[in-house]
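Protein chains: 2
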Amino acid sequence: MSGSEPALTPVALVDEQLATVKFNSDGLVPVVTQDVATKQVLMMAWMNADTLRMTLTEGRMVYWSRSRKEVWRKGDTSGDRQFVREAFYDCDGDTLLFLVEQEGRGACHTGEVSCFYRKFG
Amino acid sequence: MSGSEPALTPVALVDEQLATVKFNSDGLVPVVTQDVATKQVLMMAWMNADTLRMTLTEGRMVYWSRSRKEVWRKGDTSGDRQFVREAFYDCDGDTLLFLVEQEGRGACHTGEVSCFYRKFG
Numbered sequence: 451m452s453g454s455e456p457a458l459t460p461v462a463l464v465d466e467q468l469a470t471v472k473f474n475s476d477g478l479v480p481v482v483t484q485d486v487a488t489k490q491v492l493m494m495a496w497m498n499a500d501t502l503r504m505t506l507t508e509g510r511m512v513y514w515s516r517s518r519k520e521v522w523r524k525g526d527t528s529g530d531r532q533f534v535r536e537a538f539y540d541c542d543g544d545t546l547l548f549l550v551e552q553e554g555r556g557a558c559h560t561g562e563v564s565c566f567y568r569k570f571g
Numbered sequence: 451m452s453g454s455e456p457a458l459t460p461v462a463l464v465d466e467q468l469a470t471v472k473f474n475s476d477g478l479v480p481v482v483t484q485d486v487a488t489k490q491v492l493m494m495a496w497m498n499a500d501t502l503r504m505t506l507t508e509g510r511m512v513y514w515s516r517s518r519k520e521v522w523r524k525g526d527t528s529g530d531r532q533f534v535r536e537a538f539y540d541c542d543g544d545t546l547l548f549l550v551e552q553e554g555r556g557a558c559h560t561g562e563v564s565c566f567y568r569k570f571g
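Each protein sequence line maps, in turn, to chains A and B.
Add 450 to a position in the first sequence, counting from 1, and you land on the number used in this note's numbering.
Add 450 to a position in the second sequence, counting from 1, and you land on the number used in this note's numbering.
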């Protein structure tokens, strides 16, 4: 293992907190992912109850791919993994925010750091 | 008008950009709202095609309230308006990111600055 391998910092599962999360009719909750160092918003994706638990216990972002209908452990294919540093749920419990250490080139499959690289106006 | 009234900085409507935005089966697109100064993620809400155009042309965040099923011009009731400073659409065109100047106490109806004030773990 390289000395620069990012640390894994899992988050404790607290039943009361997890019970507050509301999933939509497809069983999914939207997740905003932000770079912990630069504060840049990297992407928005979805988790189901299983991948939320995986994300917290593994300390790596694990989404649910709506297009492929499968567990999407971010970076397993691209190498650009996301390591969880802080995790929040909102006032309504229907959106999550994760602050991550982004590995490699960035979050976007286009090669951009952030998926939000196109500006209106 | 007070000298501290925030400036309105509308964003030009560009047909090609607007055509890239994909709305879901309910005609809505998720919107992440971030404080332009602190980079704190304030909230996530939804817009339809009409409120997206209103937001860009007025320079103020105008959401679609899913619970009330009505136009939600943020701050008209609370006084805590959000002034658009930059607006982005993501690689898939199915999520928007707005950087705003947040007025007043903050974005959350609970009185917190950000809706993401509860931390997992």
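The C-beta atom is built at its ideal place from N, Cα and C for all residues, glycine as well.
Note that the structure is predicted; figures quoted are calculated from it, not measured.
What number of angstroms, rounded off, separates the C-alpha of residue i from the C-alpha of residue j?
i, j, result
"Thr501/A", "Trp514/A", "7 Å"
"Asn474/A", "Asp485/A", "26 Å"
"Cys558/A", "Pro480/B", "18 Å"
"Pro460/B", "Glu508/B", "6 Å"
"Gln490/B", "Glu520/A", "31 Å"
"Arg538/A", "Arg555/A", "The displayed chain sequence assigns Phe, not Arg, to residue 538/A. Those two C-alpha atoms are separated by around 25 Å."
"Glu466/A", "Leu492/B", "23 Å"
"Ala398/A", "Glu536/A", "For chain A, the structure presents residues 451 to 571; residue 398/A sits outside this window and is missing."
"Glu562/A", "Arg516/A", "21 Å"
"Thr560/B", "Phe548/A", "21 Å"
"Phe570/B", "Asp526/B", "32 Å"
"Val471/A", "Asp544/A", "6 Å"
"Asp503/B", "Leu458/A", "Per the sequence shown, residue 503/B should be read as Arg rather than Asp. About 42 Å."
"Met497/A", "Ser528/B", "32 Å"
"Phe566/B", "Leu468/A", "15 Å"
"Asp530/A", "Asp540/B", "18 Å"
"Ser564/A", "Ala499/A", "25 Å"
"Asp542/B", "Asp542/A", "26 Å"
Are there 16 or more other CB atoms within 10 angstroms of the CB of residue i, so buried, or fewer, so exposed?
i, result
"Glu553/A", "buried"
"Val464/A", "exposed"
"Arg518/B", "exposed"
"Ser454/A", "exposed"
"Val550/B", "buried"
"Gly477/A", "exposed"
"Ala462/B", "exposed"
"Thr483/B", "buried"
"Leu546/B", "buried"
Output, in chain order, the set of chain B residues within a Cβ distance shorter than 9 Å of residue i.
i, result
"Arg568/A", "Gln467, Thr470, Phe538, Tyr539, Asp540, Cys541, Gly543"
Please decide whether residue i counts as near chain B, where near means a Cβ-Cβ distance under 9 Å.
i, result
"Met451/A", "Low local confidence applies: a pLDDT of 49 at Met451/A is under 50, so the model's placement there is unreliable, and no value is given."
"Val482/A", "yes"
"Gln532/A", "no"
"Met511/A", "no"
"Cys565/A", "yes"
Residue i versus chain A: which residues are under 7 Å apart at the beta carbon?
i, result
"Ala457/B", "Near Ala457/B there are no residues of chain A at all, since even the closest Cβ is about 15 Å away, more than 7 Å."
Of all Cβ atoms in chain A, is any one closer than 9 Å to the Cβ of residue i?
i, result
"Gly571/B", "yes"
"Leu478/B", "no"
"Thr560/B", "yes"
"Lys524/B", "no"
"Ala499/B", "no"
"Lys519/B", "no"
"Val464/B", "yes"
"Val491/B", "yes"
"Val461/B", "yes"
Within its chain, find whatever has a CB closer than 6 Å to the CB of residue i; leave out the 5 residues flanking it on each side and keep chain order.
i, result
"Arg523/B", "Val512"
"Gln532/B", "Met511, Lys524, Val550, Gln552"
"Ala495/B", "Val481, Tyr513"
"Met451/A", "Bear in mind that a pLDDT of 49 at Met451/A, under 50, signals an unreliable position, so the number given afterwards is only what the model happens to contain. Cβ neighbours of Met451/A beyond the five flanking positions: none."
"Thr505/B", "Met511, Val512"
"Pro456/B", "Phe533, Glu551"
For residue i, go through chain A and note every residue whose CB falls closer than 8 Å to its CB, in chain order.
i, result
"Val550/B", "Going along chain A, no residue has its Cβ under 8 Å from Val550/B, so there is no contact; the nearest lies around 13 Å."
Find the residues of chain B that neighbour residue i, judging by a C-beta separation of less than 8 Å, and give them in chain order.
i, result
"Met504/A", "Correct list: empty, because the minimum Cβ distance to chain B is about 13 Å."
Note down, in chain order, each residue of its chain lying with its Cβ closer than 7 Å to the Cβ of residue i, except the 5 sequence neighbours on either side.
i, result
"Arg568/A", "none"
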